[in-house]
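Please read the structure below before turning to the comments.
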Amino acid sequence: MASRTASPLDHPALEDVSFSAALEALRDPYRLAMVAALAREPGQSCGAIMPPVSKPAATRHFKILRAAGLLRQWDSGTQRLNALRREEFDARFPGLLDLALAEAAR
Numbered sequence: 003m004a005s006r007t008a009s010p011l012d013h014p015a016l017e018d019v020s021f022s023a024a025l026e027a028l029r030d031p032y033r034l035a036m037v038a039a040l041a042r043e044p045g046q047s048c049g050a051i052m053p054p055v056s057k058p059a060a061t062r063h064f065k066i067l068r069a070a071g072l073l074r075q076w077d078s079g080t081q082r083l084n085a086l087r088r089e090e091f092d093a094r095f096p097g098l099l100d101l102a103l104a105e106a107a108r
């Protein structure tokens, strides 16, 4: 079985992320819940914030969040950890993340 680190994680430059990609990432309720969990507690493992879906579906959700510039992931031992790219994302799309998190809290 291939190592998790066999394929590098792509973290796009925020200037390359479109507004529509950011909105698309935040409109899904599972992804929004994942983002809200990371806003409350950065550095959580994938398993700690994984939505109640299959592993392939969860992997797709993580990939969409990464591609939208919302998520930074890194490997630590056997775990993949996650954090929001809050400062970078807020600089690119001011106020969008705050609106999304307020919606998640409703």
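Numbering (the numbering used here), first residue to last: 3 to 108.
The beta carbon of each residue, even a glycine, is placed where N, CA and C say it ideally should be.
Quick caveat, the model's predicted, so the values are computed rather than measured.
R42 classed as buried or exposed, judged by whether at least 16 other C-beta atoms fall within 10 angstroms
Within the sequence shown, the letter at position 40 stands for residue 42. With fewer than 16 Cβ atoms within 10 Å of its Cβ, R42 is classed as exposed.
Buried or exposed: R108, going by 16 or more other Cβ atoms within 10 Å of its Cβ?
Along the sequence shown, read from residue 1 onward, the residue named residue 108 stands at position 106. Classification of R108: exposed, given that the 10 Å Cβ count is below 16.
Between the C-alpha atoms of R82 and R29, what's the straight-line distance to the nearest angstrom?
Mapped onto the sequence shown, residue 82 falls at position 80. Mapped onto the sequence shown, residue 29 falls at position 27. Each residue's alpha carbon lies about 24 Å from the other.
From the DSSP secondary-structure annotation, give me the bridge partner or partners of R82.
Locating residue 82 in the sequence shown gives position 80, where the first residue counts as 1. Beta-bridge pairing links R82 to D77.
Using 8 Å as the Cβ pair cut-off and three pairs as the minimum, do the region 21-37 and the region 61-68 touch?
yes
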